[in-house]
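S.K.: Residue numbers (my numbering): 13 to 323. Have a look at this one.
Here is the structure:
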């Protein structure tokens, strides 16, 4: 079970999926709570199976109560996990699990009076029957009927494990199919291709134009070409449902470019107007060099994303 939980954690923590889920923080919190609880309750059940049952009647009751409650909580966690991921799942597909749930209600949930269904029923566990593998549940009904049910703990645990594994595997398949379909849609469209082959030339010319005011118009034209390439990359990401915040590393590069690009734009504007520069020529050169380096970083990130989409 831990392996299945780990796969789900990896799938929901992929940047695009994580960013989409984080738009609804309550469901994001619910998702991670469910993953933790599914694992925690499995630990509790495993502990019971290790025969940590106790040597007194009180300890045995406590163990039975704890086990049945763990199974019940685990079922809720599985259902709420599917809800958080908007994956249809209904316990009605697993009638045996509904029986496990009802046995929990009768045995330890609401044993003294169950009146939401008719006839009203009353239940208790036979103390003499308490064993690690099960117990006898006596049930009395308001219509005069009565019955004794021999509950197999081993059977309950095995059935629940099959149910949980089945649902978790279905969740994994759904997430993987969703990711595969998204990648297939954009497999041919390469993000790296949005950066034109002339971009290196434009970056170099901006760097050269910072050393003389005579080339201000040329420098500004190439600077605008760089800005267009940056916008084209951002638009290409948006077509995939990716925002800058989806990849913090990409967001950080864009944020770091705002200041040097703005300073270079103002430098060329002032030079064209015949006004003196507000910054030292050496500072302008450093800004242009920095833009060059950061754009190279973005192109590398684009190639990494392209490789992921091709995998």
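In this text, a Cβ means the ideal position worked out from N, Cα and C, and glycines have one as well.
Using beta-carbon positions only, say whether residue 77 and residue 120 come within less than 9 angstroms of one another.
M.R.: yes
S.K.: Output needed for residue 13: all residues of its chain with C-beta closer than 8 angstroms, excluding positions within five of it in sequence on either side, in chain order.
M.R.: 50, 51, 54, 173, 176, 177, 180
S.K.: Please tell me whether residue 20 and residue 39 are closer than 9 angstroms, where the distance is taken between their beta carbons.
M.R.: no
S.K.: Going by C-alpha distance, which of 279, 29, 126, 266 is nearest residue 231?
M.R.: For residue 231, the nearest C-alpha among the options comes from 279.
S.K.: Buried or exposed: where does residue 67 fall if 16 or more other Cβ atoms within 10 Å of its Cβ makes it buried?
M.R.: exposed
S.K.: Tell me, to the nearest whole angstrom, how far the beta carbon of residue 329 is from that of residue 249; I am working on the premise that it is less than 8 angstroms.
M.R.: The first residue shown for the chain is 13 and the last is 323, placing residue 329 beyond what the model contains.
S.K.: Look up residue 207 in the DSSP assignment and say whether it is helix, strand or coil.
M.R.: coil
S.K.: Per the DSSP calculation, residue 146 is bridged to which residue(s)?
M.R.: 143, 164
S.K.: Which residue marks the beginning of the alpha helix (DSSP H) containing residue 133, and which one marks its end?
M.R.: Premise fails: residue 133 lies in the beta strand (DSSP E), 133-137, not in any alpha helix (DSSP H).
S.K.: Taking buried to mean at least 16 other C-beta atoms within 10 Å of its own C-beta, is residue 130 buried or exposed?
M.R.: Classification for residue 130: exposed.
S.K.: Buried or exposed: residue 292, going by 16 or more other Cβ atoms within 10 Å of its Cβ?
M.R.: Residue environment analysis places residue 292 among the exposed positions, since fewer than 16 neighbouring C-beta atoms fall within 10 angstroms of its C-beta.
S.K.: Starting from residue 318, trace the alpha helix (DSSP H) in both directions and tell me its first and last residue.
M.R.: Looking at the DSSP string, the run of the alpha helix (DSSP H) that includes residue 318 is 293-322.
S.K.: With a threshold of 8 angstroms, are at least 3 pairs of Cβ atoms found where one atom belongs to the stretch 228-247 and the other to the stretch 303-319?
M.R.: yes
S.K.: Applying the criterion that 16 or more other CB atoms from any shown protein chain within 10 Å of the CB defines a buried residue, is residue 210 buried or exposed?
M.R.: exposed
S.K.: Under the rule that 16 or more other beta-carbon atoms within 10 Å means buried, what is residue 118, buried or exposed?
M.R.: Of the residues assessed, residue 118 falls on the buried side of the cut-off, its CB having 16 or more other CB atoms within 10 angstroms.
S.K.: Since residue 218 and residue 238 should fall inside the 8 angstroms C-beta cutoff, what is the C-beta to C-beta distance between them, to a whole number of angstroms?
M.R.: Rounded, the Cβ-Cβ distance is 7 angstroms, consistent with contact.
S.K.: Check whether the Cβ atoms of residue 96 and residue 23 sit closer than 9 angstroms, and answer yes or no.
M.R.: No. Outside cutoff.
S.K.: Helix, strand or coil for residue 5, going by three-state DSSP, please let me know.
M.R.: Outside the displayed range of the chain (13 to 323) lies residue 5, so it cannot be described from this structure.
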